[in-house]
Amino acid sequence: MLNDIIEKRAVTKGLHSLVLEIPVDEYNKVYNQFNNEVATEILNHHLENRGDDGRPSDIEIQHEDNNIVTITANVHYLGNDHTTYKYN
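Numbering-wise, the numbering used here comes out as the position in the sequence shown, counting from 1, plus 21.
In structure tokens:
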């Protein structure tokens with residue numbers, strides 16, 4: 022899996038936003054396409070590894086010429102049952 026991820030978080034009016042930044046070389050060791058399905062897999066795995074039971078939504082992936090893959094999402098906590106992870 023990916024080992025070199027920078028995580029940034031912000032809360033605006035109760036909405037938690039999350040940004041993951043991954044060097045494209047690291048990303049390409051594991052994945053060969055840029056799509057929201059892959060972004061969802063990466064984000065869910067990242068949250069599980071952190072023990073974070075937030076539920077992501079609005080997941081998007083971007084890759085520009087700056088050699089960084091960026092995954093953005095909103096993460097919801099209120100009203101959640103504990104998340105059951107699929108990676109054990």
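No residue lacks a Cβ here, since even glycine has one placed at the ideal position from N, Cα and C. A quick note: this is a predicted structure, and the numbers were derived from the prediction, not measured.
Handout entry: Counterpart residues of Asn95 in DSSP-defined beta bridges
Key = Under DSSP, the beta-bridge partners assigned to Asn95 are Ser38 and Ser78.
Problem - Distance, Glu62 Cα to Ile89 Cα - result: Between Ile89 and Glu62, the C-alpha separation is close to 18 Å.
Problem - Buried versus exposed, by CB contacts within 10 Å (16 or more), Val96 - result: By the C-beta density criterion, Val96 is buried, having at least 16 other C-beta atoms within 10 angstroms.
Handout entry: Cβ-based neighbour list, Leu99, same chain, cut-off 7 Å, excluding 5 preceding and 5 following
Key = For Leu99, where only same-chain residues beyond five positions count, there are no Cβ hits under 7 Å.
Problem - At least three beta-carbon pairs within less than 8 Å, the stretch 53–60 to the stretch 22–29 - result: No: the two stretches stay apart, fewer than three of their Cβ pairs being nearer than 8 Å.
Exercise for the section: Locate the alpha helix (DSSP H) running through Ile63, then write down its first and last residues. Expected result: Per DSSP, Ile63 is one residue of the alpha helix (DSSP H) stretching across Asn57 to Asn70.
Exercise for the section: To the nearest angstrom, report how far apart Asp113 and Ile92 are at their CA atoms. Expected result: No information on residue 113 is available, as it lies outside the stretch 22 to 109 that the chain covers here.
Handout entry: Coil, strand or helix - Glu28 by DSSP
Key = Correct three-state label for Glu28: strand.
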